[in-house]
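In my numbering, the protein residues as written are 425 to 643.
No residue lacks a Cβ here, since even glycine has one placed at the ideal position from N, Cα and C.
Below you can see the structure in the form of structure tokens.
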């Protein structure tokens with residue numbers, strides 16, 4: 425408990441930050457990018473449709489990435505709950521990367537490409553992630569830098585933005601848990617827990633003869 429308290433820097437609420445229209449519409453922009461790639465991937469044959477081994481490997485990778493994404497989100501929620509927008513959390517998942525919640529979201533979305541066996545959707549995800557990351561993560565970090573100054577610069581210097589550096593991990597033995605934030609994350613989990621079932625069902629349907637495959641050149 426004491427270790428956690430000493431590692432946090434309070435965020436001043438006095439500085440007002442106005443978000444641009446692109447920041448406010450980032451979710452919509454991301455969806456608009458993913459829709460055409462998702463449709464093209466859905467209306468095409470799966471990658472290596474005739475190979476049972478390849479299908480097994482894709483599904484296994486999907487489960488690994490999905491569970492990693494869900495785990496990162498839960499782990500980050502345990503640490504950030506009750507502190508978001510109030511103090512800079514630099515322990516636990518926030519000691520290995522600065523944006524573990526966004527990393528969790530990225531992994532959950534990436535699992536869709538594996539479950540669907542779609543390189544097309546994976547390409548769309550890459551583009552959407554670059555746009556979302558540059559807009560959302562960039563704006564949040566600029567806001568934190570304007571409020572925290574050197575303290576945030578030091579945190580950025582030792583902690584990667586998204587790709588975890590496990591050697592930098594540190595954290596307290598005991599952490600306080602915000603039950604309200606945990607309930608919110610549990611409700612979100614009830615939504616994304618359907619990703620494997622829905623995607624694997626669609627991947628199976630894409631192998632059926634009656635399924636429209638308008639983009640057969642785009643796996």
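In this structure, the CA atom of residue 447 is about 30 Å from the CA atom of residue 590. Around the beta-carbon of residue 615, fewer than 16 other beta-carbon atoms lie within 10 Å, marking it exposed.
A distance below 8 Å separates the beta carbons of residue 454 and residue 555. In the DSSP assignment, residue 453 falls within the unbroken alpha helix (DSSP H) covering 450-466. The three-state secondary structure of residue 511, taken from DSSP, is strand. Around the Cβ of residue 493, a 10 Å sphere holds 16 or more other Cβ atoms; the residue is buried.
Put simply, the segment 459-473 touches the segment 535-542. At least three CB pairs are less than 8 Å apart.
Selection 511, 546, 545, 620 evaluated against residue 579 yields 511 as nearest (Cα-Cα). Here the alpha carbon of residue 639 sits roughly 42 Å from the alpha carbon of residue 605.
Between residue 458 and residue 574, the C-beta gap is not smaller than 8 Å, which leaves the two residues out of contact. DSSP, reduced to helix, strand and coil, places residue 593 outside both helices and strands of the structure shown, so it counts as coil. At the C-beta level, residue 567 and residue 577 stay beyond 8 Å of one another.
The beta carbon of residue 522 is closer than 6 Å to those of 583, 585 in its chain, skipping five residues each way along the sequence.
Under the Cβ criterion (8 Å, minimum of three pairs), the segment 483-500 counts as touching the segment 615-627. In chain order, 493, 496, 497 place their CB closer than 6 Å to the CB of residue 528, counting only its own chain and leaving out the 5 sequence neighbours on each side. Apart from sequence neighbours up to five positions away, the residues of its chain that approach residue 546 with a beta-carbon distance below 7 Å are 537, ordered along the chain.
The beta-carbon separation of residue 526 and residue 561, rounded to 6 Å, stays under the 8 Å limit for a contact. Here residue 629 is exposed: its Cβ has fewer than 16 other Cβ atoms, across all protein chains shown, within 10 Å. Per DSSP, reduced to three states, the secondary structure at residue 493 is helical.
If you look at residue 625, you'll find it in the alpha helix (DSSP H) that goes 619-629.
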